[in-house]
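In my numbering, the protein residues as written are 18 to 373. Beta carbons are placed, not taken as given, at the ideal position from N, Cα and C, and that holds for glycine. Predicted model, so just to flag it, every value in this text is computed and none were measured. Structure first, then comments.
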Ligand code: SF4
């Protein structure tokens with residue numbers, strides 16, 4: 018079969034949900050610069066739902082590779098499939114060698130990315146970040162839309178995801194949730210490690226406070242199967258919550274977040290999804306830096322006790338007490354959350370009034 022004339026753009030997405038969200042402004046810039054070229058994104062299956070919620074993406078291709086494995090033969094075979102799709106250029110966002118191999122094996126002429134693991138030859142439009150003052154994630158990725166010698170864009174749009182109303186209604190219906198009653202999403206997991214987790218007792222106490230004032234609220238616990246145990250603990254302490262961790266796909270979780278009146282989240286991928294969906298967000302920081310990748314919703318609160326030992330960036334608390342999270346009480350979170358819920362109720366009343 019003759020190879021097609023290269024006319025598409027391939028973007029190899031990051032392997033982490035939060036990083037994939039931060040890459041969305043790059044896709045927006047590429048779409049603006051090359052409106053005629055369809056954009057395909059290659060991504061691991063666990064990140065794919067985030068890419069499906071990006072308006073600029075034409076096709077999401079899921080990688081068949083095992084996490085962390087080189088699988089050279091499989092990569093070669095997959096690259097031949099890519100070759101047949103006809104790419105004019107490839108943007109390689111992960112910094113690893115193995116992801117830079119794919120577009121090279123696929124014969125894609127223009128291969129753009131950072132030097133990463135000394136990827137000379139594999140990447141032929143090479144960008145360099147400043148090792149002394151590394152860029153934040155959004156400008157880091159967005160700079161790939163420009164030539165390496167040029168100035169990186171100074172003002173960038175916020176990452177944005179979109180979920181269709183129909184999809185939201187479908188997911189709410191499938192999970193037995195009401196579209197009329199307020200939905201409040203908790204994301205109590207943190208893949209990185211225990212130190213980042215706000216205590217389950219605090220989440221449960223917060224749920225009790227919410228339900229006392231808003232008995233019609235539907236509090237959903239979101240997360241992966243790995244978050245089952247922490248969500249079980251919250252459910253035991255406050256049986257009225259809907260434990261959905263590990264029981265929804267990420268596509269469904271994204272739709273639930275899109276319909277939430279508020280999201281309370283540890284510093285995790287779901288936090289960045291909530292931000293990009295512009296939902297009111299309360300972000301809970303312990304061992305990580307609240308200024309590094311803060312939520313960017315119109316309404317957002319980053320809560321951190323900013324202890325002297327923080328940000329230690331450790332998976333487990335090296336001091337053994339995890340005071341950065343333990344001493345961040347549910348009352349401290351309830352106060353701003355109350356403000357968000359009151360504002361959302363007032364907005365709903367205004368809409369009802371106009372509909373009468
Ligand atoms: S050392 Fe400090 S910042 Fe790090 S986990 Fe422990 S209490 Fe939190």
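To the nearest angstrom, how far is the alpha carbon of residue 117 from that of residue 147? Taking the first residue of the chain shown as 1, we reach residue 117 at position 100. Taking the first residue of the chain shown as 1, we reach residue 147 at position 130. Near 21 Å, if we compare the C-alpha coordinates of residue 147 and residue 117.
Quick one: what's got a C-beta closer than 7 Å to residue 24's C-beta in the same chain, skipping five residues either side? On the chain shown, residue 24 is found 7 positions in, with the first residue counted as 1. In chain order, 54, 103, 105 place their CB closer than 7 Å to the CB of residue 24, counting only its own chain and leaving out the 5 sequence neighbours on each side.
According to DSSP, is residue 211 helix, strand or coil? Numbered from its first residue, the chain shown carries residue 211 at position 194. The answer is helix: DSSP assigns residue 211 an H, G or I state.
Nearest residue (CA-CA) to residue 258, options 186, 134, 233, 275: As a first step, residue 258 is located in the chain shown; it is residue number 241 there, counting from the start. Cα-wise, what sits closest to residue 258 is 233.
Considering only heavy atoms of the ligand SF4, list every residue whose Cβ is less than 7 Å from one of them, following chain order. Matched residues: 212, 303, 304, 324, 326, 327, 328, 329, 331, 334, 335, 336, 338, 339, 340, 341, 342.
Three-state secondary structure (DSSP) of residue 51: What you label residue 51 is simply residue 34 of the chain shown in a count that begins at 1. Correct three-state label for residue 51: coil.
Beta-carbon proximity of residue 335 to residue 306, cut-off 7 Å: The residue labelled residue 335 in the question sits at position 318 within the chain shown. The residue labelled residue 306 in the question sits at position 289 within the chain shown. Here residue 335 is not near residue 306, since their CB atoms are 7 Å or more apart.
Strand pairing of residue 260, partner residues [DSSP]: Taking the first residue of the chain shown as position 1, residue 260 is located at position 243. Residue pairing by DSSP puts residue 260 in a beta bridge opposite 238.
Near residue 435, what residues of its chain come up, given a Cβ to Cβ distance below 8 Å and the 5 sequence neighbours on each side ignored? A question about residue 435 goes unanswered here, because the residues of the chain that appear run from 18 up to 373.
Which value, in whole angstroms, describes the spacing of the CA atoms of residue 231 and residue 262? In the chain shown, the residue the question calls residue 231 occupies position 214. In the chain shown, the residue the question calls residue 262 occupies position 245. Straight-line Cα distance between these residues: approximately 23 Å.
In the structure shown, what three-state DSSP assignment does residue 252 receive? Stepping through the chain shown from its first residue, residue 252 is reached at position 235. The answer is helix: DSSP assigns residue 252 an H, G or I state.
Under a three-way DSSP split, which group does residue 91 fall into? For this step, residue 91 is matched to residue 74 along the chain shown. Of the three classes helix, strand and coil, the one that applies to residue 91 here is helix, per DSSP.
Roughly how far, in whole angstroms, is the beta-carbon of residue 276 from the beta-carbon of residue 189, given that I think they are within contact range, below 8 Å? Against the chain shown, residue 276 aligns to sequence position 259. Against the chain shown, residue 189 aligns to sequence position 172. Confirmed, Cβ separation roughly 7 Å.
Using three-state DSSP, classify residue 167 as helix, strand or coil. Translated into positions along the chain shown, residue 167 becomes position 150. Coil at residue 167, not helix or strand.
Environment of residue 134 [buried if 16+ CB atoms lie within 10 Å]: Against the chain shown, residue 134 aligns to sequence position 117. So residue 134 ends up on the exposed side.
Whole angstroms are fine: how far does the CA of residue 70 sit from the CA of residue 372? Position 355 of the chain shown, counted from the first residue, corresponds to residue 372. Position 53 of the chain shown, counted from the first residue, corresponds to residue 70. Residue placement at residue 372 is poorly supported in this model, since its pLDDT is 36, which falls under 50; the coordinates are not used for a value here.
Grab the span of the alpha helix (DSSP H) containing residue 271 for me, first residue to last. To locate residue 271, count along the chain shown from 1; it is residue 254. Where residue 271 is concerned, the enclosing alpha helix (DSSP H) starts and stops at 267-275.
Are the stretch 287-296 and the stretch 214-227 in contact at 8 Å, needing three or more beta carbon pairs? Result no; under three Cβ-Cβ pairs closer than 8 Å.
Work out the CA separation of residue 244 and residue 284 for me, nearest whole Å. Sequence index remark: in the chain shown, residue 284 carries index 267 (1-based). Sequence index remark: in the chain shown, residue 244 carries index 227 (1-based). Those two C-alpha atoms are separated by around 14 Å.
For residue 325, which of 176, 341, 316, 266 has the nearest alpha-carbon? Looking up residue 325 in the chain shown gives position 308. With distances taken between Cα atoms, residue 325 lies closest to 341.
Taking 7 Å as the cut-off, decide whether the C-beta atoms of residue 205 and residue 293 are in contact. For the purposes of this step, residue 205 is taken as residue 188 along the chain shown, with counting starting at 1. For the purposes of this step, residue 293 is taken as residue 276 along the chain shown, with counting starting at 1. No, these two residues do not count as a Cβ contact at 7 Å.
Residue 56 beta carbon less than 7 Å from that of residue 73: Within the chain shown, numbered from 1, the residue matching residue 73 stands at position 56. Within the chain shown, numbered from 1, the residue matching residue 56 stands at position 39. Yes, the Cβ-Cβ distance between residue 73 and residue 56 is below 7 Å.
My output table needs one value for residue 220: the three-state DSSP class, helix, strand or coil. Stepping through the chain shown from its first residue, residue 220 is reached at position 203. In this structure, residue 220 counts as helix in the three-state DSSP scheme.
Residue 179: which of 108, 64, 68 sits nearest, CA to CA? As a position in the chain shown, residue 179 is number 162, starting the count at 1. Closest by C-alpha distance to residue 179, out of 108, 64, 68, is 68.
Given that a residue counts as buried once 16 or more other Cβ atoms are within 10 Å of its Cβ, and exposed if not, what is residue 119? For the purposes of this step, residue 119 is taken as the residue at position 102 of the chain shown. Around the beta carbon of residue 119, 16 or more other beta carbons lie within 10 angstroms, which makes this residue buried.
Mind checking residue 154: buried by the 16 CB within 10 Å criterion, or exposed? Reading the chain shown from its first residue, position 137 is the one you call residue 154. Counting the other CB atoms within 10 Å of its CB gives residue 154 a total of 16 or more, which places it among the buried residues.
From residue 253 to residue 220, what does the alpha carbon distance come to, in whole angstroms? Counted from its first residue, the chain shown places residue 253 at position 236. Counted from its first residue, the chain shown places residue 220 at position 203. Their Cα atoms are separated by approximately 12 Å.
Kindly indicate which three-state DSSP category residue 203 falls into: helix, strand or coil? Counting from 1 along the chain shown, the entry for residue 203 is found at position 186. DSSP places residue 203 within a strand segment (E or B) once states are collapsed to three.
How is the beta strand (DSSP E) around residue 296 delimited, first residue to last? Taking the chain shown and counting its residues from 1, one reaches residue 296 at position 279. Counting along the chain, residue 296 falls outside any beta strand (DSSP E), and DSSP gives it neither H nor E.
Proximity of residue 115 and residue 139 at Cβ, strictly below 7 Å: Within the chain shown, numbered from 1, the residue matching residue 115 stands at position 98. Within the chain shown, numbered from 1, the residue matching residue 139 stands at position 122. Not closer than 7 Å, so no.
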